[in-house]
Amino acid sequence: MKKNTIHSIIFIASYLLCCFPHNLVAQELPPDSLSTVINEIDSTVISQIDSLNTPVDTTGIDTPQESNGLGIDAEVEYTAKDSIIMTMDGSKKVYLYGDAEVKYLDITLTAAFIELDLDSSLTYAKGIENDSTGIAEGLPVFTDKSGSYEMRTIKYNFNTEKAIIEHVVTEQGEGYIVSDVAKKAPDNSFCIKDGHYSTCDNHDHPHFYLNLTKAKVIPGKKTITGPAYIVIEDVPLYPIGIPFGFVPTTSSYSSGVIFPSYGEESTRGIFLRDGGYYWAANDYFDLAVTGDIYANTSWAVRAASKYKNRYKYGGNFNLQYIENVTGEKDIPETYLKTKDFSITWSHRQDAKANPYQTFSASVNYSTSSFDQNNVNSIVDPNRVATNTKRSSISYSRRFPSTPFNFSANLLASQNSRDTTVNFTAPDLTLTMNRVFPFKNKNKVGSKEAWYEKLSLSYTGNTKNYINTKEYELSDKNFPQDWENGVKHTIPVSLNLKLLKYFTVTPSFNYTERWYSKSTTQQYDEESNTVVLSDTTNGFNRVWDYNFGASTSTKVYSFYRPWRKVFGDKVDAIRHVMTPSASVTFRPDFADPKYGYYDYFEYYDRDRDEIVAHEYSRYEGSLYGTPGKGKSGSLGLSLGNTLEMKVKSDRDSTGFKKIKILEGLNFSTSHNFLADSLKWGAINMNGRTKIAGTNINFGAVFDGYALEETYEGSGQAVRVNKSYFAETGKPLRLESANLNFGVSIGSDKIKKWREKRQGRGSSEDDNEDELEDDFLDPLDRIDRIEDEFANTRGTQETSLDDDGYTQFQIPWNLSLSYSFRLVNDTFDPVAKTFSHKVTSDINVNGDFSLTPKWKFSFTTGYNFDLKEIAHTNLRISRDLHCWGMSFNVVPVGRYKSYFFSIRVNSSLLQDLKLEKRSSPRDNPGYY
Numbered sequence: 002m003k004k005n006t007i008h009s010i011i012f013i014a015s016y017l018l019c020c021f022p023h024n025l026v027a028q029e030l031p032p033d034s035l036s037t038v039i040n041e042i043d044s045t046v047i048s049q050i051d052s053l054n055t056p057v058d059t060t061g062i063d064t065p066q067e068s069n070g071l072g073i074d075a076e077v078e079y080t081a082k083d084s085i086i087m088t089m090d091g092s093k094k095v096y097l098y099g100d101a102e103v104k105y106l107d108i109t110l111t112a113a114f115i116e117l118d119l120d121s122s123l124t125y126a127k128g129i130e131n132d133s134t135g136i137a138e139g140l141p142v143f144t145d146k147s148g149s150y151e152m153r154t155i156k157y158n159f160n161t162e163k164a165i166i167e168h169v170v171t172e173q174g175e176g177y178i179v180s181d182v183a184k185k186a187p188d189n190s191f192c193i194k195d196g197h198y199s200t201c202d203n204h205d206h207p208h209f210y211l212n213l214t215k216a217k218v219i220p221g222k223k224t225i226t227g228p229a230y231i232v233i234e235d236v237p238l239y240p241i242g243i244p245f246g247f248v249p250t251t252s253s254y255s256s257g258v259i260f261p262s263y264g265e266e267s268t269r270g271i272f273l274r275d276g277g278y279y280w281a282a283n284d285y286f287d288l289a290v291t292g293d294i295y296a297n298t299s300w301a302v303r304a305a306s307k308y309k310n311r312y313k314y315g316g317n318f319n320l321q322y323i324e325n326v327t328g329e330k331d332i333p334e335t336y337l338k339t340k341d342f343s344i345t346w347s348h349r350q351d352a353k354a355n356p357y358q359t360f361s362a363s364v365n366y367s368t369s370s371f372d373q374n375n376v377n378s379i380v381d382p383n384r385v386a387t388n389t390k391r392s393s394i395s396y397s398r399r400f401p402s403t404p405f406n407f408s409a410n411l412l413a414s415q416n417s418r419d420t421t422v423n424f425t426a427p428d429l430t431l432t433m434n435r436v437f438p439f440k441n442k443n444k445v446g447s448k449e450a451w452y453e454k455l456s457l458s459y460t461g462n463t464k465n466y467i468n469t470k471e472y473e474l475s476d477k478n479f480p481q482d483w484e485n486g487v488k489h490t491i492p493v494s495l496n497l498k499l500l501k502y503f504t505v506t507p508s509f510n511y512t513e514r515w516y517s518k519s520t521t522q523q524y525d526e527e528s529n530t531v532v533l534s535d536t537t538n539g540f541n542r543v544w545d546y547n548f549g550a551s552t553s554t555k556v557y558s559f560y561r562p563w564r565k566v567f568g569d570k571v572d573a574i575r576h577v578m579t580p581s582a583s584v585t586f587r588p589d590f591a592d593p594k595y596g597y598y599d600y601f602e603y604y605d606r607d608r609d610e611i612v613a614h615e616y617s618r619y620e621g622s623l624y625g626t627p628g629k630g631k632s633g634s635l636g637l638s639l640g641n642t643l644e645m646k647v648k649s650d651r652d653s654t655g656f657k658k659i660k661i662l663e664g665l666n667f668s669t670s671h672n673f674l675a676d677s678l679k680w681g682a683i684n685m686n687g688r689t690k691i692a693g694t695n696i697n698f699g700a701v702f703d704g705y706a707l708e709e710t711y712e713g714s715g716q717a718v719r720v721n722k723s724y725f726a727e728t729g730k731p732l733r734l735e736s737a738n739l740n741f742g743v744s745i746g747s748d749k750i751k752k753w754r755e756k757r758q759g760r761g762s763s764e765d766d767n768e769d770e771l772e773d774d775f776l777d778p779l780d781r782i783d784r785i786e787d788e789f790a791n792t793r794g795t796q797e798t799s800l801d802d803d804g805y806t807q808f809q810i811p812w813n814l815s816l817s818y819s820f821r822l823v824n825d826t827f828d829p830v831a832k833t834f835s836h837k838v839t840s841d842i843n844v845n846g847d848f849s850l851t852p853k854w855k856f857s858f859t860t861g862y863n864f865d866l867k868e869i870a871h872t873n874l875r876i877s878r879d880l881h882c883w884g885m886s887f888n889v890v891p892v893g894r895y896k897s898y899f900f901s902i903r904v905n906s907s908l909l910q911d912l913k914l915e916k917r918s919s920p921r922d923n924p925g926y927y
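Set out below in structure tokens:
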């Protein structure tokens with residue numbers, strides 16, 4: 002234990018030595034002058050003046066004093082709350098008692114007592130000791146253009162602008178400099194002896210400080226010190242000292258070295274991590290370049306920049322490159338070297354910059370193995386669980402006084418699990434908002450003719466797209482190996498009212514596609530599959546259309562519960578049904594006259610028959626191909642909501658609505674022109690809320706039976722037979738899902754109780770009792786940490802009505818559950834699929850045993866895999882000016898821990914002690 006402590010002390014000393022790299026330039030008071038000053042302060046006769054026997058100035062409490070002949074440039078103004086006493090013996094001294102204040106030019110001095118010598122231009126100020134507590138109150142505060150300083154006593158010369166100060170406290174940046182004796186020079190600099198520098202705001206007894214044997218402080222610019230050493234809890238650590246130091250304290254940010262952290266891993270050896278240089282370029286952008294280096298030659302480099310032009314735009318850019326080496330180079334079967342990179346870019350345009358055009362970017366692109374090889378000390382569960390990344394760069398332009406808009410996008414997505422990448426470059430869209438070409442602009446009255454309601458719009462889109470593997474991307478040629486094309490869409494609709502309660506909307510939709518190539522297919526006997534045989538380049542115009550009509554209405558029904566059974570609490574229950582129907586027709590675009598489809602015949606050995614294979618010449622094209630076969634489709638849907646009107650507990654004459662069922666929807670379709678399988682699947686979904694728990698559910702049913710494609714294949718297709726006729730069951734379940742989540746906490750329950758007792762505010766009435774937005778697990782932990790940091794030093798003990806300390810444990814708990822049922826394997830006897838259930842539960846929360854202890858966690862369980870999901874536990878302790886945290890991942894691939902105790906101030910961020918383990922050291926990581 003002692004050995005570890007010594008190592009920690011040496012580590013802190015090394016960092017402090019690096020943090021003060023410049024020579025000392027300081028002015029030191031001669032010992033004789035210091036003793037003279039102290040003797041002058043101690044021998045003051047101010048306290049001997051009897052205020053009762055001294056004539057009092059009755060002309061006013063606020064007295065400006067002329068400065069003629071005193072050697073100063075302006076009048077001195079002085080005030081006091083208690084009394085002002087002036088000597089009459091020609092010494093020209095003024096004694097101010099009680100909240101005294103003296104002003105001269107831009108200098109202000111306040112204290113409980115001030116002695117002003119108008120003859121010598123000297124002033125002396127100090128606090129007055131409280132008789133009951135023995136603590137001095139009303140300590141002097143000296144304020145000038147360089148800042149404000151608190152002290153115990155001060156003797157100041159208005160003419161020379163020099164001062165001798167006892168126990169001065171000055172704030173420089175995020176730190177404080179305290180000195181028992183200091184000398185102020187005319188340039189507002191301070192020369193101090195035996196002072197200390199600390200970020201702790203307990204000036205009389207700081208928890209730690211850097212003892213300065215001698216130093217010079219230039220406020221707002223820098224502090225230069227001679228020999229100094231660390232003192233922690235009044236224990237001087239003389240071995241941890243520095244011969245000299247330089248601390249910049251400029252108000253604006255500046256460039257500087259970023260010192261690395263050190264550690265050790267079993268696989269990559271000792272390391273220096275996150276060291277580099279920060280460049281404060283100007284007020285608009287900065288740049289930080291950092292890197293890592295490991296003993297086994299692994300290394301990484303990062304560049305991060307933030308930029309902002311106020312009222313115009315802002316953003317940040319990050320570039321990372323890492324090379325990881327594992328194993329031994331002399332043992333080829335264990336040696337592995339990986340190269341990964343990552344680019345993230347976020348750009349936001351201010352809404353006031355340009356009302357007609359916007360530019361934004363959200364780029365998150367990396368190699369598929371980057372997240373695995375870039376494991377930090379604290380593992381991000383969101384990053385671990387993310388397999389897909391998406392990036393976009395967008396520009397949009399709105400043309401004023403016209404219905405036209407234009408947008409341009411660059412899109413990318415990648416799947417780290419199978420290394421698939423998708424790129425769209427570019428994606429250009431021109432849209433025309435809905436217009437009413439027949440509307441009379443000069444009509445009289447509000448009534449419109451039916452043809453005036455006819456509307457149309459236009460959307461034109463062109464793009465290049467590729468879907469490939471990450472390692473094959475560099476071999477693809479642009480634009481030959483990319484899918485590309487142009488698509489035009491023109492919808493026309495008419496909105497009509499029918500029989501007062503129905504809304505009928507006839508519509509016509511025209512779509513045209515332009516492709517630069519078409520394909521032909523043939524049968525390959527060797528592989529026994531259909532393959533692509535030829536690609537023909539050239540302009541191809543592919544169009545189709547459909548038309549239809551839709552209608553909808555609402556049906557209301559009310560139910561009043563039987564009073565003898567339900568009482569008079571429930572006033573009524575309302576059921577709202579929203580039925581809708583739509584009819585669409587589409588011709589058969591597989592007709593040879595359109596030229597979109599072709600066919601060939603081949604012998605299928607598995608089925609032992611001649612098969613006619615029909616295919617589209619534009620199969621797999623960017624915008625698809627016109628549909629095959631006539632379609633006369635009827636779409637049916639029914640929406641339901643259920644609400645209850647009950648008497649309010651707070652208002653005897655008022656009512657409130659409670660939603661029993663927020664939604665229960667059914668939908669299906671029927672194709673009149675199909676020769677078989679005319680009915681589509683039945684979709685059901687719903688949502689409700691019970692005791693603040695949001696519940697969502699859904700299912701898909703089918704009325705047709707299934708048959709195996711051929712014996713032993715394990716695959717099935719729908720056949721034109723009723724499932725009820727085959728099995729006696731009305732419908733076949735295809736899939737189902739259920740998920741719910743709830744978030745509760747001490748504050749939620751407190752508000753709920755106050756609301757029930759009629760003590761809640763009106764704002765609480767609009768909030769759900771136990772509802773909360775679900776946060777990502779690590780975001781929740783970070784939020785708790787931020788709230789914890791913001792309350793450091795502000796926690797006060799709360800008392801109840803009897804004067805006893807209230808024992809409270811603030812807590813929050815969130816739980817979410819997900820259930821999915823999907824088809825698994827086909828059972829030819831039961832003529833249905835067996836079902837596979839996948840479900841998981843996630844829990845995260847936090848609580849505080851005391852105002853200074855915070856505990857937070859996130860975990861989960863996957864019932865399908867029967868394993869614990871990524872679990873993260875964090876404990877934090879507020880140590881006033883220090884902070885302690887312990888983060889642990891107890892199980893799984895990323896099992897690790899990270900312990901840290903450090904100074905809270907970012908200025909001394911390298912004054913810390915860290916212990917950690919790396920997930921890479923786990924046997925099951927790779």
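Numbering (this note's numbering), first residue to last: 2 to 927.
We put the CB at the ideal spot given by N, CA and C, even for glycine.
Thinking C-alpha only, which one of the options is nearest residue i?
i, options, result
"A301", "E663, N374 and S392", "N374"
"N203", "K646, W544 and W883", "W883"
"E735", "G699, W753, E755 and S534", "G699"
"M87", "E78, A113, K146 and L117", "L117"
"G549", "L320, N158, S583 and D284", "S583"
"Y466", "F479, Y459 and R418", "F479"
"K631", "E266, I259 and K679", "K679"
"N462", "A289, S180 and T512", "T512"
Can you have a look at residue i and say buried or exposed, based on whether 16 or more other CB atoms are within 10 angstroms of its CB?
i, result
"K658", "exposed"
"A229", "buried"
"Q358", "exposed"
"D293", "buried"
"L213", "buried"
"Y177", "buried"
"S835", "exposed"
"F114", "buried"
"I323", "buried"
"T860", "buried"
"H23", "Low per-residue confidence applies at H23: pLDDT is 36, beneath 50, and the placement is therefore not dependable, though the value from the model is reported in the following sentence. Label assigned to H23: exposed."
"V612", "exposed"
"P401", "exposed"
Does any CB atom of chain B fall closer than 8 Å to the CB of residue i?
i, result
"A726", "The structure shown contains no chain B, having only a single protein chain."
With DSSP as the reference, identify every bridge partner of residue i, one or two as the case may be.
i, result
"V531", "Y524"
"S519", "T537"
* To do: Flag this pair as touching only if the stretch 162 to 180 and the stretch 116 to 123 have three or more C-beta atom pairs under 8 Å; answer yes or no.
  => no
* **Cβ contact check for the stretch 736 to 745 and the stretch 686 to 697: 3 or more pairs under 8 Å** => yes
* Start-end ranges of the alpha helix (DSSP H) lying completely within the stretch 335 to 401, minimum 4 residues -> 371 to 374 and 382 to 386
* Taking one C-beta from the stretch 439 to 455 and one from the stretch 487 to 495 each time, how about it: are there three or more such pairs within less than 8 Å? -> yes
* **Contact between the stretch 632 to 649 and the stretch 564 to 575 (3+ Cβ pairs under 8 Å)** => yes
* Asked: Is there contact here, the stretch 516 to 529 with the stretch 469 to 476, by at least three beta-carbon pairs under 8 Å?
  -> no
* **beta strand (DSSP E) segments (min. 3 residues) lying fully within the stretch 225 to 269** => 229 to 233, 236 to 243, 246 to 249, 257 to 259 and 262 to 266
* **the stretch 552 to 561 contacting the stretch 593 to 608, beta-carbon criterion three pairs below 8 Å** => no
* To do: Give a yes or no on contact between the stretch 809 to 828 and the stretch 839 to 847, applying the rule of three or more CB pairs nearer than 8 Å.
  => yes
* To do: Evaluate contact between the stretch 347 to 361 and the stretch 320 to 335, counting only Cβ atoms and requiring at least three cross-stretch pairs below 8 Å.
  => no
* Asked: Touching or not, the stretch 437 to 445 and the stretch 402 to 416, by the rule of three or more beta carbon pairs under 8 Å?
  -> no
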